[in-house]
DNA sequence: CGCTGATACTGCACTCCGCAGTATTATCTG
DNA sequence: CAGATAATACTGCGGAGTGCAGTATCAGCG
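Protein chains in written order, with my numbering: chain A, 1 to 211; chain B, 1001 to 1211.
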């Protein structure tokens, strides 16, 4: 039985605590969603797979006549997780429709590109607001697993920075594009400058750039 | 017939020029891969779908007895693409295994986390090197579609910044984690500071932060 | 002349998603 | 306290997308 990264994501949550699948779904909305999104549907299927593989056990509880399944990690589950944590991570995957639209902007109208950039900026601001709220919960000491504060901080830093990047890029792109004559952007002076900056970046400072 | 974002990605490429599916596959490796990755397998399937939908036409050419299909966009294809460019883009999707590993680091060893961060950093540096090479091609005037320089610059800027972000984050996280006593990172002072910075960010300056 | 690598695909099993649908229980509202 | 609404707890299904293996043909090179 081959485990997928999704299996390990679930296993990680189970290593933290026991959960019903519904709680698992809620929990992923607060954390995993930001850097490893999976549909609710998949969680139900994956939890069953983990049980089949002997990495989790199930307990069925009843609220009146409504059943609910609680999953708990087994010892094998913990060692499987630990082993996975020792393997090389797959490179990050990025899928950004806004960037796709910018790439093909010359086949549409300038206003459409500006609208797409504005939408992306709004989405990024919303995401940052959500994260700010979550960070506030941690700071107030109201987070459910205070011992996991360090892990939460390291990961949230990445996610918040990502959305800040989207916001800044969208703002920059919009301001540049608004000076274009048409959606072709021919003769835009920023293009050469942008490529030049990218071409230099890695050579100049081989990874030692300060924070 | 329902079109997916993948359909529009392909349609966008066909709007630029005619391609054989093989060329399409090569081309996506140079551009789309970075912000809208799709497996080669899918391109073959999707190109057929576009033809069925009347958005592209096919021409079969022969090299000896080996056939190859060239796809070209139709007028309906162009207007479909233009219409799509006027719709709201889906929010960006991020899937980062390194971050997942950092999130569950307390269930593994510190050295494993540091190794994962180092790997992510290397991947990010490699990606930036690739992008630097591509930027150099543009600057040298050797890019195949010089008229599309502006679109290329806008999109590449985002992608390069993303990988720079990964590199910086991985470097920062590694330096912080290396001071931890164990993989729990209990009592790490940086956690509160990190959350505080995230909590402040959006409130302080509502989107007007300069570049 | 045989080898390697590029070109040009197809089949298959599986992951994953999105949506709709089906219940039951808890909570709020007039 | 009845009725509406929201939360809890799932399943089924069709289709998108992946990854790998497999099947050819053709070009260039020593």
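For each residue, glycine too, the CB sits at the ideal point set by N, CA and C. A quick note: this is a predicted structure, and the numbers were derived from the prediction, not measured.
Status (buried if at least 16 other CB within 10 Å, exposed otherwise) for residue i
i, result
"residue 7(A)", "buried"
"residue 218(A)", "The requested residue 218(A) does not occur in the structure, where chain A is confined to residues 1 to 211."
"residue 21(A)", "buried"
"residue 4(A)", "exposed"
"residue 60(A)", "exposed"
"residue 79(A)", "exposed"
"residue 140(A)", "exposed"
"residue 1189(B)", "exposed"
"residue 1185(B)", "buried"
"residue 1030(B)", "exposed"
"residue 1064(B)", "exposed"
"residue 1066(B)", "exposed"
Cβ-based neighbour list, residue i, same chain, cut-off 7 Å, excluding 5 preceding and 5 following
i, result
"residue 13(A)", "19, 24 and 27"
"residue 1145(B)", "1016"
"residue 1160(B)", "1128 and 1131"
"residue 138(A)", "149 and 152"
"residue 113(A)", "101, 102, 105, 177 and 183"
"residue 1109(B)", "1183"
"residue 1208(B)", "Residue placement at residue 1208(B) is poorly supported in this model, since its pLDDT is 44, which falls under 50; the coordinates still yield a value, given next. So the list is empty, once near-sequence residues are dropped."
Residues of its chain near residue i, where Cβ-Cβ distance is below 8 Å and the 5 sequence neighbours each way are ignored
i, result
"residue 62(A)", "68"
"residue 32(A)", "9, 13 and 38"
"residue 50(A)", "7, 10, 11, 14, 56, 71 and 77"
"residue 143(A)", "137, 149 and 152"
"residue 1083(B)", "none"
"residue 210(A)", "Residue confidence is low: residue 210(A) scores 36 on pLDDT, short of 50, so the model does not pin down where it sits. No coordinate-derived value is stated."
"residue 158(A)", "35"
Beta-carbon gap between residue i and residue j smaller than 7 Å
i, j, result
"residue 1105(B)", "residue 1170(B)", "no"
"residue 35(A)", "residue 1165(B)", "no"
"residue 1044(B)", "residue 1056(B)", "no"
"residue 1107(B)", "residue 10(A)", "no"
"residue 1198(B)", "residue 135(A)", "yes"
"residue 88(A)", "residue 125(A)", "no"
"residue 193(A)", "residue 1149(B)", "no"
"residue 1058(B)", "residue 99(A)", "no"
"residue 92(A)", "residue 1090(B)", "no"
"residue 1173(B)", "residue 1085(B)", "no"
Spatial neighbours of residue i in its chain, beta-carbon cut-off 6 Å, leaving aside the 5 residues before and after
i, result
"residue 37(A)", "none"
"residue 1001(B)", "1053"
"residue 200(A)", "none"
"residue 1179(B)", "none"
"residue 1040(B)", "1025"
"residue 163(A)", "124, 127 and 128"
"residue 1042(B)", "none"
Near the ligand HEM: residue i beta-carbon under 6 Å from a heavy atom
i, result
"residue 1034(B)", "Absent from the structure shown: the ligand HEM. Ligands present: none."
Point to revise | Members of the stretch 1094 to 1120 of chain B near chain A, C-beta cut-off 8 Å | key: Residues passing the 8 Å Cβ filter: 1094, 1095, 1096, 1097, 1098, 1099, 1100, 1101, 1102, 1103, 1104, 1105, 1106, 1107, 1108, 1109, 1112, 1113, 1115, 1116, 1119 and 1120.
Check your understanding: If contact means a Cβ-Cβ distance below 7 Å, which residues of the stretch 1127 to 1143 of chain B contact chain A?
Key -> Residues passing the 7 Å Cβ filter: 1128, 1129, 1131, 1132, 1135, 1136, 1138 and 1139.
Check your understanding: Going along the chain, which unbroken runs of the beta strand (DSSP E) with 3 or more residues stay wholly within the stretch 51 to 105 of chain A?
Key -> You should have 56 to 63, 66 to 73 and 93 to 95.
Review point. Which residue spans inside the stretch 172 to 202 of chain A form an unbroken alpha helix (DSSP H) run of at least 4?
Key: Taken in chain order, the stretch 172 to 202 of chain A contains no complete alpha helix (DSSP H) segment of 4 residues or longer.
Practice item. Mind checking the stretch 1022 to 1056 of chain B against chain A and listing, in chain order, the residues whose C-beta falls within less than 8 Å of any C-beta there? Key: Per Cβ criterion, the list reads 1031, 1032, 1034, 1035, 1036 and 1037.
Check your understanding: Along the chain, which unbroken stretches of the alpha helix (DSSP H) at least 4 residues long are found entirely within the stretch 109 to 167 of chain A?
Key -> Segments of the alpha helix (DSSP H) lying fully in the stretch 109 to 167 of chain A: 110 to 139.
Review point. Quick one, which residues of the stretch 162 to 173 of chain A are near chain B if we go by CB-CB under 8 Å, in chain order?
Key: The stretch 162 to 173 of chain A vs chain B, Cβ under 8 Å: 162, 164, 165, 166, 167, 168, 169, 171, 172 and 173.
Check your understanding: Given a limit of 7 Å on CB to CB distance, which residues of the stretch 56 to 70 of chain A reach chain B?
Key -> Here the close residues number zero.
Review point. Just by C-beta distance, which residues in the stretch 1145 to 1157 of chain B are closer than 9 Å to chain A?
Key: So the close ones are 1147, 1148, 1149, 1150, 1151, 1152, 1153, 1154, 1155, 1156 and 1157.
Review point. If contact means a Cβ-Cβ distance below 8 Å, which residues of the stretch 183 to 194 of chain A contact chain B?
Key: Those would be 184, 185, 186, 188, 190, 191, 192 and 194, in chain order.
Exercise for review: Select from the stretch 1004 to 1019 of chain B all residues with a C-beta closer than 7 Å to any C-beta belonging to chain A, and list them in chain order.
Suggested key: Of all residues in the stretch 1004 to 1019 of chain B, 1005, 1009, 1012 and 1015 have a Cβ within less than 7 Å of some Cβ in chain A.
Practice item. Check each residue of the stretch 1083 to 1094 of chain B: if its Cβ is closer than 7 Å to any Cβ of chain A, include it; give the result in chain order. Key: Using a CB distance below 7 Å, the part of the stretch 1083 to 1094 of chain B facing chain A consists of 1085, 1086, 1088, 1089, 1090, 1091, 1092, 1093 and 1094, ordered along the chain.
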